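Numbering (my numbering), first residue to last: 99 to 331.
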């Protein structure tokens with residue numbers, strides 16, 4: 099829906115993606131919200147921390163309100179997710195939505211102490227550490243809503259993509275794709291990533307291409323609705 103984008107992502111030569119991102123929503127346990135359905139059943143909206151339109155912490159609650167009936171009020175203006183986490187811990191916020199990879203590594207104390215509950219996750223499949231947490235696609239009832247969700251959250255599946263410009267010869271692209279996957283399978287690189295607590299989830303160029311195509315298959319009317327939902331108020 100961005101008028102200034104003058105390229106077709108399907109024309110790029112996709113080399114691969116190094117990682118994926120799994121945004122989740124956490125809610126302070128003292129609110130009594132233990133599940134996503136509890137968030138829907140509330141009478142009054144809970145304050146979630148936001149950074150501003152165009153960011154996951156601000157946009158995800160808006161989508162969940164519109165598509166799944168959640169009761170969330172976004173409090174924008176936080177400088178980063180660390181500030182949102184402090185707001186949750188201090189009681190000024192009831193929750194927030196940002197990647198699990200960040201929450202589980204940087205704010206483990208909130209999880210281990212039982213201070214928050216993870217109520218929903220975004221992704222094509224459950225994160226291995228979140229097998230009991232529902233996918234956002236499971237809490238959205240209608241097909242158009244799930245299509246809107248796929249276009250919004252699809253980029254998280256390929257959060258660290260690499261590409262060539264269009265018209266790179268196919269044989270050269272194949273060489274780059276193989277070298278990319280070989281590099282991400284290198285034991286030394288994997289050891290360094292582990293020490294740095296960096297989660298790698300390599301995807302091939304063909305897998306990235308499939309995700310890109312799935313993002314762009316949204317119907318024009320659904321695309322308009324998504325743009326309207328996320329437009330700054």
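Note that beta-carbon positions come from the ideal geometry of N, C-alpha and C, so glycine has one too.
Computed from a predicted structure; not experimentally measured.
CB-CB under 8 angstroms to residue i, same chain, minus the five flanking residues each way: which ones, in chain order?
i           : result
residue 214 : 124, 125, 126, 127, 186, 193 and 208
residue 312 : 248 and 252
Report, in whole angstroms, the separation of the C-beta atoms of residue i and residue j, which I expect to be a contact under 8 angstroms.
i           : j           : result
residue 59  : residue 237 : With the chain running from 99 to 331 in the structure shown, residue 59 is simply not present.
residue 198 : residue 122 : 5 angstroms
residue 156 : residue 301 : Not a contact, Cβ separation roughly 27 angstroms.
Can you list, in chain order, the residues of its chain whose CB lies under 6 angstroms from that of residue i, leaving out five sequence neighbours each side?
i           : result
residue 164 : 327
residue 99  : The pLDDT assigned to residue 99 is 47, lower than 50, so where the model puts this residue is not dependable; a value taken from the coordinates is nonetheless given after this. So the qualifying residues of the chain are 321 and 325.
residue 314 : none
residue 299 : 117 and 118
residue 109 : 264
residue 231 : 216 and 219
First and last residue of the beta strand (DSSP E) that includes residue i?
i           : result
residue 147 : 144 to 147
residue 121 : 121 to 126
residue 113 : 111 to 115
residue 261 : 259 to 262
residue 173 : 170 to 173
Taking the alpha carbon of residue i as the reference point, which residue from the options has its own alpha carbon closest?
i           : options               : result
residue 117 : 255, 278 and 322      : 255
residue 222 : 195, 275 and 250      : 250
residue 112 : 306, 200, 287 and 149 : 306
residue 195 : 203, 219 and 210      : 219
residue 310 : 189, 243 and 258      : 258
residue 234 : 265, 109, 108 and 120 : 120
residue 98  : 206, 110 and 188      : For the chain, the structure presents residues 99 to 331; residue 98 sits outside this window and is missing.
residue 338 : 302, 191 and 179      : Past the boundaries of the shown model lies residue 338; the chain is included only from 99 to 331, so the question cannot be answered.
residue 153 : 177, 317 and 136      : 177
residue 243 : 136, 319, 304 and 274 : 319
Quick one: residues in its chain with C-beta nearer than 7 angstroms to the C-beta of residue i, no 5 flanking neighbours on either side, listed in chain order?
i           : result
residue 106 : none
Run the proximity test for residue i: is its beta-carbon closer than 7 angstroms to any non-hydrogen atom belonging to the ligand COA?
i           : result
residue 182 : No copy of the ligand COA appears in this structure; indeed no ligand is present at all.
Q) On the three-pair Cβ rule with 8 angstroms, is the stretch 172 to 182 touching the stretch 143 to 163? A) yes
(Q) With three or more beta-carbon pairs closer than 8 angstroms as the criterion, would you say the stretch 215 to 224 touches the stretch 129 to 141? (A) yes
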